[in-house]
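Chemist:
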Amino acid sequence: MTNARSHRSRQAPHSAARIAVYPGSFDPLTNGHVDIITRGSRIFDRIIVALLVNPEKTPLFTLEERLEMAREVFRGEPRVEVEAFEGLLVDYAQRRGAHVIVRGLRAVSDFEYEFQMALMNRRLVASIETVFMMPAEAYTYTSSRIIREIFALGGSISGLVPPAVESHLRRKFAARTNG
Ligand code: PNS
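Each position in the sequence shown, counted from 1, maps to that position plus 215 in my numbering.
Below, the structure is given as structure tokens:
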């Protein structure tokens with residue numbers, strides 16, 4: 216039997232979309248983050264870049280600015296979505312139908328903190344798995360904190376952040392020095 220109906224019956228049942236959440240502060244988004252998101256978008260049907268709303272922290276960029284930068288970078292990428300979240304990450308992941316949390320691991324020094332978070336999140340919701348991904352070697356020493364510091368002190372961050380982020384940084388520091 217080669218008709219369409221018999222062909223369909225031999226196929227695996229249609230599985231739900233594989234949705235992953237990539238959470239963080241992204242203050243600002245770096246090329247290391249972009250690298251992980253791009254790699255994730257090849258593995259998952261959708262990767263949600265989830266920006267934490269943290270009232271206890273005073274970030275350099277407002278939530279709106281961070282959302283705008285990330286959306287600008289991933290405009291035209293149907294598998295990448297950018298959204299803000301507050302509260303527990305696992306609750307947010309469940310609301311969004313995601314079974315995977317993606318985190319980047321740059322070096323051994325990241326491990327302890329990431330291990331603690333992954334196990335705590337698993338304790339909270341056992342069905343959500345944390346998947347660690349390694350960025351390209353060129354970004355293993357890049358972090359948002361170091362980008363902010365180098366830029367503030369006049370060093371070059373060229374190639375370490377997307378052009379959209381670099382122009383936002385310029386505007387932010389120009390406004391600070393003029394204001
Ligand atoms: O970019 P960061 O600061 O490393 O990201 C940390 C983040 C957002 C992943 C983490 O702080 C988080 O998940 N916060 C939400 C609150 C929560 O679920 N806390 C328990 C984590 S075990």
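Glycine is no exception: its CB is placed at the ideal position from the N, C-alpha and C atoms.
Once the 5 residues before and after R384 are set aside, which same chain residues still bring their CB inside 6 Å of it?
Modeler: Here residue 384 is Leu; the residue named in the question, Arg, does not match the sequence. Once the five neighbours on either side are set aside, the close Cβ partners of L384 are F366.
Chemist: Beta-carbon within less than 8 Å of S371's beta-carbon, same chain only, minus the 5 sequence neighbours each way: which residues are those?
Modeler: Same-chain partners within the cutoff: I365.
Chemist: Pick from P270, I251, R281: whose alpha carbon is nearest that of G319?
Modeler: Comparing Cα-Cα distances from G319 to each of P270, I251, R281, the minimum goes to I251.
Chemist: Could you tell me which whole beta strand (DSSP E) segments of length 3 or greater appear in the stretch 354-390?
Modeler: Counting only runs of 3 or more, we get nothing.
Chemist: Just to confirm my understanding: we take V346, look at its own chain, exclude 5 residues before and 5 after, and list those with CB closer than 6 Å. What are they?
Modeler: Excluding positions up to five away in sequence, the list reads V315, V317.
Chemist: Closest by CA to A405, which one among R360, V376, L339, N336?
Modeler: The structure shown does not extend to residue 405, since the chain is modelled only from 216 to 394, so the question has no answer here.
Chemist: Is the closest heavy atom of the ligand PNS to the C-beta of G319 under 6 Å?
Modeler: No - the ligand PNS has no heavy atom lying nearer than 6 Å to the Cβ of G319.
Chemist: How far does the alpha helix (DSSP H) with R247 in it reach, from first residue to last?
Modeler: Checking the displayed sequence, the identity of residue 247 turns out to be Gly instead of Arg. Looking at the DSSP string, the run of the alpha helix (DSSP H) that includes G247 is 246-258.
Chemist: Which residues bound the alpha helix (DSSP H) around F330?
Modeler: Run containing F330: 323-339, per the alpha helix (DSSP H) assignment.
Chemist: Measure the C-alpha to C-alpha separation of E381 and G255 and round it to an integer number of angstroms.
Modeler: Whole-angstrom Cα-Cα distance: 23 Å.
Chemist: Taking 6 Å as the limit between beta carbons, can you name the residues of its chain near R321, skipping five residues before and five after?
Modeler: Contacts found: T355.
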